[in-house]
Every structure is written in structure tokens, then in C-alpha cells.
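A.B. asks: Protein chains in written order, with the numbering used here: chain A, 1 to 305; chain B, 1001 to 1446.
Every residue gets a Cβ at the ideal spot worked out from N, C-alpha and C, and that includes glycine.
I'd like to ask some things about the structure below.
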């Protein structure tokens, strides 16, 4: 909304906005949707924040205790493990997904026989429900019956059970995520590539630009919007990872979200820190999104063009 | 003021007010609708139906008993089985959410043995002392009623597959081939036999069990601690896990992996993986619940026949020491806010009667909670495991350290036990860590 930027003039602003009947109508028109957003979005978030500042338990609302839950949370080694796992997972998996996804997008953007089939085939892993994919991969990682453990063992790379080691589990989770969501990134980037008109490349070629120049001077800048969207989506998704960790690791692999789940759903005593962690995830995810939009200049709407 | 505002502004303003009114009304309605749906999510049933929650009825025995109950009380009472998830954790999660909301229409709850002590302090279940007096309680295996006691009251009635208990299954045929006549009595014997027999027979694993970081792993590790003379809580609920006995127990637990008796993979195995391995003929020994016996001879599940498999108590530290098996199983409670308390009790009395338990035990191959049924010939014939494991089930079953905050206790134990099994931490470190964290949890419940 354009009016937000003019918002710091106090009463004169208020008069300008609401003194004008037409503008007033506009506000009245968006009011119902605003109310609904307040009820369904802001109220639960606010309630979560309030809960995290009290010593509430699963069965009763408690009294205000300030930031005690947060200090307890930051001292909890389980939380710190979840945080470090989540950060490593997010950075590594998103980076891999981006580079591989970009490669795939560039490859299938070219015209070749059977292109439609390849594009559809690429999407298959993404179409799997995460839980099913995680169960399937867990079986493959399983020692004595799993193919991956068998191959790794035969090649002499890993002889210990993969599922017993938290480090190997985390690497496994990253690989599964890359396997599963690279197609999504590729698809978003492919859509971006297809909006770049062919004439631009033709003109560049006429001017004598080589492949590298064309890629870095034309493709990448024109693809920036699509890249930011893809990377932001993936970063936020990876940051909130829950199902993949929970099922693949069978409770062994901690992320921020599994910490929240354990706190508020399994434990009876960790409800406070669990809630604090939920707020922590929300705030940090929001900051990540803000970083993308403000610092990296991601466009959130077409109007600003 | 501009010309425009003077000209058309006033009528426009009036119109706007009406529109505004409509809009506000619309928003109000939307809000009310939202609140409304939230509010009437759980109206109480009130049809006089006795709603009974329990996991899936895999063998049809629950349906059969309920049908019988409904026929006996035709026109007066009607019971229905509301199916809950087969995963105990998910069932717990679901029922706990309903209780928290306080709107559940459930009357009778099928409860895992670790729930009564967690539900009672929240006032979610009803004290049954008047209806289920000591004279009645005596007819059940002691440990199955002890888990339901809270502050002088009793909150559930033991039912079927209760006591569920850890047992050591062994391949009689393979032990014979290696010239071993009796199953192992001590953990050391078990290790030796596991290594020797699996080598002789040329099969993959000696001994398999459930070592993963979950509730089943807690049960497995506790059996090692108990059979070494250690414990988690004493009779006054003081944490006593930091003891040489418990440390020795966890050291033996870890030695199952280091000695090669068990594959390293058991550290992430649950019931599914371990039983599949044993049923497939890939292991000599398995620690499992009584239900594994029922599948023997069923060619769709396993190639093993009942006469190839023997059952022994959980091994001990030194010969002659008492053995202990971890208690599992199902009981029945009444939801505290139900308005058909009397009917609910009638249903429980029917379902936990000697006759009903016997019927269900024979259909499903569970073990009975009533002591008298261990002498029953028909049961002994239909469910051999009841006869084979009789001594263990009647005498050597021990409850997990269940208290109000067992959920937290279990999370801590599962993680430490699993790390100790894998050798990531030493047994000493595990018991020290647990002594501290469990003491904190017990503080909360005092």
C-alpha cells in the first residue's frame, strides 16, 4: 500500500486519509478482510507470544514470567542442537538445490525432442508426500536391509549404521531434501527463464557476446526475480523443517520445529520453552523474509515496476 | 472544502454511511460465524451412547464383545467403539487434546498402563475405588492395578494384553544344533550363545531387540537396569538411578553391541524391524512382547513354526537373581466429565469380567489381567504363550517409573539410554545426567 510511506505526519495525515470520502470508502471496503486477517492470523500469533511469556502449561493458563522461557530455551542443549541442525540444513540444502535446480532449468529450457516428458519426469520426486519420501529413504538407509547402507558398506565408505549417527542422519536429510525439492526450484527458475525474450540473446550475439557474458550479463540479471522467489520459498520451508526430520530420524534428528513439537505436545513441562521456540521460529523466519525483500530487493508486487 | 465535496459530497456521505453500516454488519457476521464454529465444535453427545475409545480392533474381538453388551442391554444402553490411532503416542496426543478442550463426549477410555498416573492428577479420569474395591483388585495381577493408583484412589481397571511384558524368545532348533540344551540365564550367557549359535547356524544376527530412541527403548534398557539390581525411583519416588547397579545395567546394555551379540543397527530398531528380522529367521534371540508368539506358524508372516521357538524370562546379572520384565498393556478408565458415569461403569464391568477377558484373549491371543485365567485350560490351549510365560507374567513384571510427568521422564530416559547403547556416552555419564534431569522433573510434580 502506497499510503504506508506517508504515514508519519500524525493528525494531518489522518485528516487527509479519512477526510476524503472516497478514501474513506476504500478503507471501509478493506475493513472486513482486515478484520478477518486480524482474527485468523494476528490473534493466534499474539496468543502464542503471550503464552511464551507466561508459565502456562498444557492444561492451564499461567502467570506472567517475562522472558524466563526464552532464557531457559537458550540454555537447553536440545534447542541449541535443533538450531544448529536447522541452520546447517537450511544453508546447505538450499545452496545445493539452487545450483542443481539452475542447471536443470537451463538444460530443459532448450528445445529438444521429448522436452515435455523430461519436464514432467523431473517433477516426480517433488510430487511425493514428504512423509512417504522420508519413510522410503529411511528404509534405504536402514542397515542390513537398506540399499544405501549396503552400497556404502561394500565401498568401504561407511560401516556404522547410518541411522545411529546424528551427523550422518543430518547429511542424509540434506540429500533427501535436495532430491525432493530441487525439481521445485528448477521449475520456478524455468518459468523465469521462459520470460526472457529470445531477441535479447540474439542482439547480444550480434554484438559479439560469448556464452559466459550472455549468462552473467543477461540470463542472471533477468532471472533475479525468479531466483529470489525460489530461494526465499526454499529457505523458509527448509528453516521450518519438521516432517522430514521427524520421520527420517525417528526422533533422533532435532530441528527447531521438532523441538517445538516435543515441548508442546509430548512433554508436559517444556510447554513454555516450546512456545518460546515457536515464537523464535516465527520472528526469525519473518526476519529472513524481510532480508530478502529489503536487502536483496525482491519484488513483492508488480506495481512497483 | 472543494466544490466537489459541496456538490455531491453530502449525499455521497450519507450513502456511504449506509454502505458502511452494511459492511460493518458483514464483518460482524463473519466474526460471529468464526467464533460460532469455534464454540460449537464439541457439543456433548447426550444420546446415552457409551463412547469407548481404543486403538483399531484388528481381530474383531472388541466388536464382538460390544455386540454382546448391546444385546444384553437392548433398549437401555448402547456402546460404540470409537477407533483411535494404532500408534500409542498419537492416540495419547489425540485423547489429551480432547480432554484439554474439556468438550469430549467420550465416556470410557482404553488407556495404556502409563496413562492412569498421568491422567489422574489432571482430574481427567474418575476415581473408581467405590466400584472397584480392594477385594476385586486382588483378582488381578498386582502390578496391573498398582499402575492405576494415585493418592489413595484407583483410576482404571486392567483389561487385556495386560500385563504385556518383555520376554526372551529363542530358536530352540538352532540352540539344539549347537548342542545347547537350555536358554541363557544370565546376560553373559546370552552374549556367548548369541555369538556362537549365529556363527554355527550361519545367520546374520545373534540377539535383536528394540534399542531406538523411543518408548520401547526405555522398556528394553530398564530391564537391564532392574536385572542388575538398579532402579529409577525408590518407593518414595526419589530418583535413585545414579547407582553402581544401574551403571552396570547400562554397561551390559552397551556390551550387547560391542561384543557383537547384537547388530549395531538395533540402536535404531523398534518392534517392526526387530520382529521382522526374527520372523525372517535372521536372528537367534529376540526380546519381544508376548504377541510375537501368536504369529508363529502363520506362513504369511513368518517361516518359523511354534516348535522352533522357546520362551525364557529376561536374563539376569548373576544366576539366581530375580528377573524383571517391563510392563505394557491396556486398561479402562471413565472420563471425569461424562454424565453417564453409571452406564460407563456397567460397560467396564462387562468388558473386564472374567468371561469377556477370556473371550478376547482366545480370539486375539492376548495375555489376561485376571490371575484365575492363567489356570484356564481353554486359554492355555488357544494362547500357548500365556502358559509358557505364566511365571514371568504373574510374578516378574515391573512398571516403568510412571508419575504425573512421565512424558518428560520418558523423553529424557529414551535419549540417554539410546546414547549409552550406542556408546556415544558412558553408562556413568548417562546415569549422572538422568539423576539430575529426572530429579528436576520430580521436583515439578511435588
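Whose C-alpha, out of A:199, A:136 and A:186, is nearest the C-alpha of residue 247 (chain A)?
C.D. replies: A:136
A.B. asks: Anything in the stretch 258-269 of chain A with a Cβ closer than 7 Å to a Cβ of chain B? List those residues in chain order, please.
C.D. replies: 262, 265, 266, 267, 268 and 269
A.B. asks: Starting from residue 1091 (chain B) and walking both ways along the alpha helix (DSSP H), at which residues does that stretch end?
C.D. replies: 1088-1101
A.B. asks: To the nearest angstrom, how far is it from the Cα of residue 1233 (chain B) to the Cα of residue 1117 (chain B)?
C.D. replies: 15 Å
A.B. asks: Please tell me whether residue 251 (chain A) has its Cβ less than 8 Å away from any Cβ of chain B.
C.D. replies: yes
A.B. asks: Between residue 264 (chain A) and residue 255 (chain A), is the Cβ-Cβ spacing less than 8 Å?
C.D. replies: no
A.B. asks: Are residue 1190 (chain B) and residue 1265 (chain B) touching if we call contact CB-CB under 8 Å?
C.D. replies: no
A.B. asks: Are the beta-carbon atoms of residue 1344 (chain B) and residue 1113 (chain B) separated by less than 8 Å?
C.D. replies: No, these two residues do not count as a Cβ contact at 8 Å.
A.B. asks: Let me see if you follow: with CB-CB separation under 8 Å, is residue 1279 (chain B) close to chain A or not?
C.D. replies: no
A.B. asks: Between which residues of its own chain and residue 1127 (chain B) is the CB-CB distance below 6 Å, once the five residues before and five after are set aside?
C.D. replies: Within its own chain, the residues whose Cβ lies closer than 6 Å to the Cβ of residue 1127 (chain B), once the five positions on either side in sequence are excluded, are 1153, listed in chain order.
A.B. asks: Whose Cβ in chain A lies nearer than 9 Å to the Cβ of residue 1100 (chain B)?
C.D. replies: 58 and 59
A.B. asks: Buried or exposed for residue 1314 (chain B), going by 16 or more other Cβ atoms inside 10 Å?
C.D. replies: Residue 1314 (chain B) comes out buried.
A.B. asks: Quick check on this structure: which residue in B:1214, B:1057, B:1139 and B:1145 has the alpha carbon closest to the alpha carbon of residue 1333 (chain B)?
C.D. replies: Distances from the CA of residue 1333 (chain B) to each of B:1214, B:1057, B:1139 and B:1145 were compared; the closest alpha carbon is that of B:1145.
A.B. asks: Taking all protein chains shown into account, decide if residue 1442 (chain B) is buried (16 or more other Cβ within 10 angstroms of its Cβ) or exposed.
C.D. replies: buried
A.B. asks: Taking 8 Å as the CB-CB limit, is residue 161 (chain A) close to chain E?
C.D. replies: Of the protein chains in this structure, namely A and B, none is chain E.
A.B. asks: Over what stretch of residues does the alpha helix (DSSP H) that includes residue 1219 (chain B) continue unbroken?
C.D. replies: 1215-1227
A.B. asks: Distance cutoff 8 Å, beta carbons only. Does residue 1303 (chain B) sit that close to anything in chain A?
C.D. replies: no
A.B. asks: Looking at residue 161 (chain A) and residue 1267 (chain B), is the spacing between their C-beta atoms short of 8 Å?
C.D. replies: yes
A.B. asks: Per DSSP, what kind of secondary structure is residue 1202 (chain B) in: helix, strand or coil?
C.D. replies: coil
A.B. asks: Compare the beta carbon distance of residue 1263 (chain B) and residue 1205 (chain B) with 8 Å and say whether it is the shorter of the two.
C.D. replies: yes
A.B. asks: Would you check if the distance between the CB atom of residue 58 (chain A) and the CB atom of residue 282 (chain A) is smaller than 8 Å?
C.D. replies: no
A.B. asks: Going along the chain, which residues of its own chain have a beta-carbon closer than 6 Å to the beta-carbon of residue 1119 (chain B), five neighbours each way excluded?
C.D. replies: 1125
A.B. asks: If you run the structure through DSSP and keep just helix, strand and coil, what is residue 1398 (chain B)?
C.D. replies: strand
A.B. asks: DSSP state of residue 294 (chain A), grouped into three classes?
C.D. replies: helix
A.B. asks: Whether or not the stretch 1184-1204 of chain B and the stretch 1349-1357 of chain B are in contact is what I'm after, with contact meaning three or more pairs of Cβ atoms, one per stretch, closer than 8 Å; do they touch?
C.D. replies: no
A.B. asks: Measuring alpha carbon to alpha carbon, tell me which residue in A:46, A:16, A:200 and A:119 is nearest residue 191 (chain A).
C.D. replies: Per the Cα distances, A:119.
A.B. asks: On the CB-based measure, 16 or more other CB atoms within 10 Å of its CB, does residue 1054 (chain B) come out buried or exposed?
C.D. replies: buried
A.B. asks: Taking 8 Å as the threshold (beta carbon to beta carbon), is residue 84 (chain A) in contact with chain B?
C.D. replies: no
A.B. asks: So residue 1425 (chain B) contacts chain A; which residues on that side make the cut at Cβ distance below 9 Å?
C.D. replies: Going along chain A, no residue has its Cβ under 9 Å from residue 1425 (chain B), so there is no contact; the nearest lies around 13 Å.
A.B. asks: Where does the unbroken alpha helix (DSSP H) through residue 1443 (chain B) begin, and where does it stop?
C.D. replies: 1427-1445
A.B. asks: Listed from N- to C-terminal order along the chain, which residues in the stretch 1407-1426 of chain B have their beta-carbon within a distance smaller than 7 Å of any beta-carbon of chain A?
C.D. replies: 1407, 1408, 1411 and 1422
A.B. asks: For the stretch 1110-1126 of chain B, list every residue whose C-beta sits within 7 Å of some C-beta in chain A, in sequence order.
C.D. replies: 1122
A.B. asks: Give the DSSP-derived three-state secondary structure of residue 1140 (chain B) in the structure shown.
C.D. replies: strand
A.B. asks: Use the C-beta contact count for residue 151 (chain A): other C-beta atoms within 10 angstroms, 16 or more gives buried, fewer gives exposed.
C.D. replies: Exposed.
A.B. asks: Under 8 Å, Cβ to Cβ, is there at least one residue of chain A near residue 1169 (chain B)?
C.D. replies: no
A.B. asks: With residue 1309 (chain B) as the anchor, note down where its beta strand (DSSP E) starts and where it stops.
C.D. replies: Note, residue 1309 (chain B): beta strand (DSSP E), 1309-1312.
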